[in-house]
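Asks: Protein chains in written order, with this note's numbering: chain G, 22 to 175; chain F, 278 to 937.
Glycine residues also receive a C-beta, built at the ideal position from the N, C-alpha and C atoms.
Okay, handing you the structure first.
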Amino acid sequence: MEIAINSKMVTVPRKLQDVALLDFIRDFAGLKGTKFGCGMGLCGACTVHIDGTAALSCQVLIAEAIGRQVTTIEGLAGTTPTGTLHPVQKAWIEDSVPQCGYCQPGQIMTAAAFLSRNPSPSDKEIRDEMSGNLCRCGTYTRIHGAIVRAAKES
Amino acid sequence: MSQVVAEELNVGQSEIECVLPDTDQTPPFKMTVGSESIASFFEPISYGAARLREALRILAAEKAGLSPDQVQDSRAGFVLPDGTELSYATLVPSVPVVLSVSASLTTEKTMPRYALERKDKYQSIGRSWRHQELEAIVTGQTVYSRDVSLPDMLYGQALRPPAFGAQLQSADGRAAEAMPDVTAVVIDKENNFVGVVTDDPFVLPTATQAIVARWEVPEDLNQDQIDASLDVKQLRARDDLEHTLTMVGDIGAGRSNAQYKTTARYDTSFAAHAAMEPRAGVAWVKKDKVEIWCGSQDPFFVQRRVAKATGREVDDVVVHSHRMGGGFGGRVLCQASEEAALLSAAVERPVRVQWDREAEFQNNYFQPGFSHYIDAGVTSEGAISHWEHDFVSSPIMTGPVPENIAWVLDKVMADEGTARGGLSQYRAANRRVRYSDIRTPVPIGAWRGLGAAPNTFAIESMMDELAAAVGIDPLEFRLQNLPSTSDRLAGVLRRVAEISEWGQPAPTGTGRGIACAVYKNQTAVAVVAEVQVDHSASELRVTKTWCAQDCGLVVNPNQVENQVMGNIVWGCSMALKERITVEAGAVKERNFDGYEVLRHRESPEIAVVLVDSDAAPVGVGESAFGPVAPAIANAVFATTGRRIRRLPMSYSSVFSDANG
Ligand code: FES
Ligand code: FES
Numbered sequence: 022m023e024i025a026i027n028s029k030m031v032t033v034p035r036k037l038q039d040v041a042l043l044d045f046i047r048d049f050a051g052l053k054g055t056k057f058g059c060g061m062g063l064c065g066a067c068t069v070h071i072d073g074t075a076a077l078s079c080q081v082l083i084a085e086a087i088g089r090q091v092t093t094i095e096g097l098a099g100t101t102p103t104g105t106l107h108p109v110q111k112a113w114i115e116d117s118v119p120q121c122g123y124c125q126p127g128q129i130m131t132a133a134a135f136l137s138r139n140p141s142p143s144d145k146e147i148r149d150e151m152s153g154n155l156c157r158c159g160t161y162t163r164i165h166g167a168i169v170r171a172a173k174e175s
Numbered sequence: 278m279s280q281v282v283a284e285e286l287n288v289g290q291s292e293i294e295c296v297l298p299d300t301d302q303t304p305p306f307k308m309t310v311g312s313e314s315i316a317s318f319f320e321p322i323s324y325g326a327a328r329l330r331e332a333l334r335i336l337a338a339e340k341a342g343l344s345p346d347q348v349q350d351s352r353a354g355f356v357l358p359d360g361t362e363l364s365y366a367t368l369v370p371s372v373p374v375v376l377s378v379s380a381s382l383t384t385e386k387t388m389p390r391y392a393l394e395r396k397d398k399y400q401s402i403g404r405s406w407r408h409q410e411l412e413a414i415v416t417g418q419t420v421y422s423r424d425v426s427l428p429d430m431l432y433g434q435a436l437r438p439p440a441f442g443a444q445l446q447s448a449d450g451r452a453a454e455a456m457p458d459v460t461a462v463v464i465d466k467e468n469n470f471v472g473v474v475t476d477d478p479f480v481l482p483t484a485t486q487a488i489v490a491r492w493e494v495p496e497d498l499n500q501d502q503i504d505a506s507l508d509v510k511q512l513r514a515r516d517d518l519e520h521t522l523t524m525v526g527d528i529g530a531g532r533s534n535a536q537y538k539t540t541a542r543y544d545t546s547f548a549a550h551a552a553m554e555p556r557a558g559v560a561w562v563k564k565d566k567v568e569i570w571c572g573s574q575d576p577f578f579v580q581r582r583v584a585k586a587t588g589r590e591v592d593d594v595v596v597h598s599h600r601m602g603g604g605f606g607g608r609v610l611c612q613a614s615e616e617a618a619l620l621s622a623a624v625e626r627p628v629r630v631q632w633d634r635e636a637e638f639q640n641n642y643f644q645p646g647f648s649h650y651i652d653a654g655v656t657s658e659g660a661i662s663h664w665e666h667d668f669v670s671s672p673i674m675t676g677p678v679p680e681n682i683a684w685v686l687d688k689v690m691a692d693e694g695t696a697r698g699g700l701s702q703y704r705a706a707n708r709r710v711r712y713s714d715i716r717t718p719v720p721i722g723a724w725r726g727l728g729a730a731p732n733t734f735a736i737e738s739m740m741d742e743l744a745a746a747v748g749i750d751p752l753e754f755r756l757q758n759l760p761s762t763s764d765r766l767a768g769v770l771r772r773v774a775e776i777s778e779w780g781q782p783a784p785t786g787t788g789r790g791i792a793c794a795v796y797k798n799q800t801a802v803a804v805v806a807e808v809q810v811d812h813s814a815s816e817l818r819v820t821k822t823w824c825a826q827d828c829g830l831v832v833n834p835n836q837v838e839n840q841v842m843g844n845i846v847w848g849c850s851m852a853l854k855e856r857i858t859v860e861a862g863a864v865k866e867r868n869f870d871g872y873e874v875l876r877h878r879e880s881p882e883i884a885v886v887l888v889d890s891d892a893a894p895v896g897v898g899e900s901a902f903g904p905v906a907p908a909i910a911n912a913v914f915a916t917t918g919r920r921i922r923r924l925p926m927s928y929s930s931v932f933s934d935a936n937g
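Structure representation (structure tokens):
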């Protein structure tokens, strides 16, 4: 029983099958970039990619992720051809999006999966897609701008 | 702050590293509250950095056998008359140099202060530096307090009291103790605490559930009772308002002079901080020392609280600070660290405690609700004839003090946090502003801006009501009633009118409202909001906002703009969403489904202008958000003719009969 996290195979101990993917990523795999915000699928802080699609890792049981490719914020750059920063991460830096920054890994993962599905989204599509990710610091305007920038530059 | 240092030292951003010190590396510093960092530290930091530069200049001079005035500034160092460059790095001895402040006062008088003096040719100040953490944040490398992990660390959790003021009667931890990964169950009635430690984070929830605790719950407390004790009407009926902020002229005479007069009541709700990171801490209680790893707005307060909880001397506790996922006034304490310390003391190993979202909503302190009553009028010349404003809420600044001190304190002190922003900026020959700060069982503490936003909501709503009643444009009405000393506020009002094209007809189906305030007598802000009502979707949306702010010298425009945008979003959220309700002695809202905050889809377009100024820099962290809610409410009136006097508002509350 294994899952691939950022292209590394991780063996899942039998007794951990019922834990949430988020807890497994943070406390078993030791990758702390994926954040806990609500534990109930309401805030998007825990967003990762499963086989390239955005998923709320607090709502996924480890058993459901077995045999699949999980990408976390730490592995996002590794999914680009050059292995350097993902265009979304670059746009985030260029526009100085983060304030406290805590929600941003989730925002970035949602945006990256979204743009790979829809490379030139409309404003309304961006608003709708990004509304599952809360930012209490209120960086929505810059998030929006950075997505537009990343769409243009990639 | 690093930009101020860079200015004095002639260095670039990459040459400065900013560290969060431990509590034993610095003397106690001022906590991060009230957006005071830039206002209080600009001057001393500039001073410190300038002293360092001049001390290095003397070293350079000695080395070259010249006098200091022959040694000229160069990038990250000095240049000698013959063109030789001496970088700081070559001058600094391997041992630390401590600069004593009292040294020669004569050099101090003449010591150049670039951050204060070379305003027209700043090299760092006024530039939009990117935050040094950005790359770490977007790649998930930043270590937030929740991400701290120590070798050999155990995992702990406390049981939550079921209601405010609940007292632990007894607890039975035997079932939990019998579980394989459980290290200890800690029952500590004196600290009203029961918790469990495990060596496996994944069994923590089951172990916690296995503990049976009996609590004594004081009395059944509901929101209605709380609202009743903070009801301005009841206090007015008893003429029982405790503190007078101002009393000038004669209200009665003003009232009889009024061409138009009205009264109105305004209410705002209890609210939570709802920072995205639920708090967490790691504690290691050793024989001679207690170490804490956490994120807090006031590590020295955490240090004192942990010392008290563990019965140690304050000096024996060291707090290592980590980045926080949002504070907003809600993270002055770190209760998770206190819990971790109690648990660690029992097992003598490092213990991590992480709150979940429900714990955040249930166990922290809150912004209190406010109720206001304003009786005001306008003369036939368009001046304010009288302004009588009474309001009630709970003490905020002294909110967290323990009960046994609170009752004495309340006798002698009027809470300044509750009163913040309570005095209107407008001229009124006859005015009286009074308030009461009354404790309820709901724990209260700092929340962004303290009383400023609720108080601004009442004042700026009434100003709009008066302007509309006498048929004067709300911008004009404000300008003509500001005293000449309020030129900075008048300035931002004019600026925001300019950028929003105030006075031009709003697009159909939308309306615009304006509001303004001076935050803490320092930062002048004006906001225009545009609201759209969509009857087919039963939706009320803030589509656009414009904000002009005068916060003096802007050290980092990019960051200030980001902060202002955050304020606008927070203001929209307060206006449209946020409400804490007490039910059966506890908070009814447990997560982001019950307690909603503004989402991306609901957030408006935002335009910000910062007024060019070389006045001393002042705070921006919470200044712009006070005027947002009243600007929105005033926009709702402009488009629907309905007055919003209670927050949060929604489509259905706007069109309920009460607002007709
Ligand atoms: S933590 Fe998963 S959605 Fe909030
Ligand atoms: S940047 Fe702080 S929560 Fe989004």
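(1) Note the first and the last residue of the continuous alpha helix (DSSP H) segment covering L286(F).
(2) Can you give, in chain order, each stretch of the beta strand (DSSP E) that sits fully within the stretch 29-116 of chain G and has at least 3 residues?
(3) Helix, strand or coil for T785(F)? Go by DSSP, reduced to three states.
(4) Leaving out five residues before and five after R163(G) in sequence, what residues of the same chain have Cβ atoms less than 8 Å from its Cβ?
(5) Which chain G residues sit within Cβ distance under 8 Å of P478(F)?
(6) Cβ closer than 7 Å: which chain F residues qualify as neighbours of Q125(G)?
(7) Based on DSSP bridge pairs, tell me the residues matched to Q644(F).
(8) Applying the 10 Å Cβ sphere with the 16-neighbour rule, what's the burial state of H812(F)?
(9) If distances are taken between C-alpha atoms only, which option among L42(G), Y161(G) and V169(G) comes closest to F135(G)?
(10) Can you pull the chain F neighbours of V40(G), defined as C-beta to C-beta under 7 Å?
(11) Reducing DSSP to helix, strand and coil, say where H812(F) ends up.
(12) Which residues does DSSP pair with L445(F) in a beta bridge?
(13) For W779(F), does the three-state DSSP call read helix, strand or coil?
(14) Secondary structure at L165(G), three-state DSSP: helix, strand or coil?
(15) Name the DSSP beta bridge partners of G472(F), please?
(16) State yes or no: is the C-beta of A636(F) nearer than 6 Å to some heavy atom of ligand 1?
(17) Please say whether E285(F) and D352(F) have beta carbons closer to each other than 7 Å?
(18) By the criterion of Cβ-Cβ separation under 9 Å, what are the contact partners of G369(F) in chain G?
(19) Please check the pair V747(F) and V655(F), which I expect to be a contact at CB under 8 Å, by giving their CB distance rounded to whole angstroms.
(20) Measuring only between beta-carbons, confirm whether E85(G) sits less than 7 Å from chain F.
(21) Considering only heavy atoms of ligand 1, list every residue whose Cβ is less than 6 Å from one of them, following chain order.
(22) Suppose you measure from the CA of T32(G) to the CA of G722(F); what does that come to, to the nearest Å?
(23) Kindly list, in the order they appear in chain G, the residues whose Cβ is closer than 9 Å to that of I597(F).
(24) Quick one: grab the DSSP three-state call for C124(G).
(25) Strictly under 7 Å for the Cβ-Cβ distance: is L610(F) near chain G by that measure?
(26) R711(F): buried (16+ other C-beta within 10 angstroms of its C-beta) or exposed?
(27) Can you tell me whether DSSP reads M151(G) as helix, strand or coil?
(28) Can you list the residues of chain F that D149(G) reaches, using a CB-CB cut of under 8 Å?
(29) Looking at chain F, is there any beta carbon in it that lies within less than 7 Å of the beta carbon of G88(G)?
(30) Find out if the Cβ-Cβ distance for the pair A801(F), R765(F) is shorter than 7 Å.
(31) Please confirm whether any heavy atom of ligand 2 lies closer than 6 Å to the CB of P119(G).
(32) Could you tell me whether the Cβ of N868(F) comes closer than 7 Å to any Cβ of chain G?
(33) Determine, for T105(G), whether the minimum Cβ-Cβ distance to residues of chain F falls below 7 Å.
(34) Report, in whole angstroms, the separation of the C-beta atoms of I24(G) and I87(G), which I expect to be a contact under 8 Å.
(35) Taking Cβ-Cβ distances below 8 Å as the criterion, which residues of the stretch 421-432 of chain F are in contact with chain G?
(36) Count Cβ pairs between the stretch 526-541 of chain F and the stretch 479-487 of chain F that sit closer than 8 Å; are there 3 or more?
Replies: By the coordinates alone:
(1) Within the second sequence, residue 286(F) is the residue found at index 9, counting from 1. S279 to L286 is the span of the alpha helix (DSSP H), which, as asked, contains L286(F).
(2) Entirely contained in the stretch 29-116 of chain G, the beta strand (DSSP E) runs reaching 3 residues are, in chain order, 29-32, 68-71, 74-77 and 90-92.
(3) On the second sequence, position 508 is the one that residue 785(F) refers to. Coil at T785(F), not helix or strand.
(4) The residue labelled residue 163(G) in the question sits at position 142 within the first sequence. Same-chain partners within the cutoff: D116, S117 and V118.
(5) By one-based count along the second sequence, residue 478(F) stands at place 201. By Cβ distance, chain G contributes D44 and D48.
(6) Here residue 125(G) refers to the residue found at position 104 when the first sequence is read from its first residue. Here the neighbours are I414 and V415.
(7) Sequence index remark: in the second sequence, residue 644(F) carries index 367 (1-based). In DSSP, Q644(F) forms a bridge with A548(F).
(8) As a first step, residue 812(F) is located in the second sequence; it is residue number 535 there, counting from the start. It counts as exposed.
(9) Within the first sequence, residue 135(G) is the residue found at index 114, counting from 1. Among L42(G), Y161(G) and V169(G), the Cα nearest to that of F135(G) belongs to V169(G).
(10) The residue given as residue 40(G) occupies position 19 in the first sequence. F479, listed in chain order.
(11) The sequence position of residue 812(F) within the second sequence is 535, counting from 1. It is coil, neither helix nor strand.
(12) By 1-based counting over the second sequence, the position of residue 445(F) is 168. L445(F) pairs with W492(F).
(13) Position 502 of the second sequence, counted from the start, is the residue given in the question as residue 779(F). DSSP places W779(F) in coil when its eight states are reduced to three.
(14) Here residue 165(G) corresponds to residue number 144 of the first sequence, with the count starting at 1. A small correction: the amino acid at residue 165(G) is His; Leu does not occupy that position in the sequence shown. The answer is helix: DSSP assigns H165(G) an H, G or I state.
(15) Working through the second sequence from its first residue, we reach residue 472(F) at position 195. A435(F) and V463(F).
(16) As a working note, residue 636(F) is residue 359 in the second sequence. A636(F) Cβ: outside cutoff for every heavy atom of ligand 1.
(17) Position 75 of the second sequence holds residue 352(F). Position 8 of the second sequence holds residue 285(F). It is worth fixing the name first, because residue 352(F) is Arg in this sequence and not Asp. Not closer than 7 Å, so no.
(18) As a position in the second sequence, residue 369(F) is number 92, starting the count at 1. The sequence given here has Val at residue 369(F), not Gly. Correct list: empty, because the minimum Cβ distance to chain G is about 31 Å.
(19) Numbered from its first residue, the second sequence carries residue 747(F) at position 470. Numbered from its first residue, the second sequence carries residue 655(F) at position 378. At roughly 5 Å, the Cβ-Cβ gap stays under 8 Å, so V747(F) and V655(F) are in contact.
(20) Locating residue 85(G) in the first sequence gives position 64, where the first residue counts as 1. By this cut-off, E85(G) is not an interface position.
(21) F57(G), G58(G), C59(G), G60(G), G62(G), L63(G), C64(G), G65(G), A66(G), C67(G), L77(G) and C79(G)
(22) For the purposes of this step, residue 32(G) is identified with residue 11 of the first sequence, where counting begins at 1. For the purposes of this step, residue 722(F) is identified with residue 445 of the second sequence, where counting begins at 1. Distance between the alpha carbons of T32(G) and G722(F) is about 46 Å.
(23) Numbered from its first residue, the second sequence carries residue 597(F) at position 320. Reading the sequence as shown, one finds His at residue 597(F) and not Ile. Scanning chain G for C-beta atoms nearer than 9 Å to the C-beta of H597(F) yields nothing, as the closest lies near 16 Å away.
(24) As a first step, residue 124(G) must be located in the first sequence, where it is residue number 103. If DSSP states are grouped into helix, strand and coil, C124(G) belongs with coil.
(25) Within the second sequence, the letter at position 333 stands for residue 610(F). Under the 7 Å criterion on CB atoms, L610(F) is classed as non-interfacial with respect to chain G.
(26) Translated into the one-based positions of the second sequence, residue 711(F) becomes position 434. It is buried - the Cβ of R711(F) has at least 16 other Cβ atoms within 10 Å.
(27) Taking the first residue of the first sequence as 1, we reach residue 151(G) at position 130. Correct three-state label for M151(G): helix.
(28) Within the first sequence, the letter at position 128 stands for residue 149(G). Those are R878, listed as they occur along chain F.
(29) What you label residue 88(G) is simply residue 67 of the first sequence in a count that begins at 1. Judged by the 7 Å Cβ criterion, G88(G) is not in contact with chain F.
(30) Stepping through the second sequence from its first residue, residue 801(F) is reached at position 524. Stepping through the second sequence from its first residue, residue 765(F) is reached at position 488. With contacts defined by Cβ atoms closer than 7 Å, A801(F) and R765(F) form a contacting pair.
(31) Within the first sequence, residue 119(G) is the residue found at index 98, counting from 1. True, at least one ligand heavy atom lies under 6 Å from that Cβ.
(32) As a position in the second sequence, residue 868(F) is number 591, starting the count at 1. Yes, its Cβ sits closer than 7 Å to a Cβ of chain G.
(33) Translated into positions along the first sequence, residue 105(G) becomes position 84. False, the Cβ-Cβ gap to chain F never drops below 7 Å.
(34) Numbered from its first residue, the first sequence carries residue 24(G) at position 3. Numbered from its first residue, the first sequence carries residue 87(G) at position 66. Rounded, the Cβ-Cβ distance is 6 Å, consistent with contact.
(35) Hits within the stretch, in order: Y421, R423, D424 and S426.
(36) The stretch 526-541 of chain F is not in contact with the stretch 479-487 of chain F.
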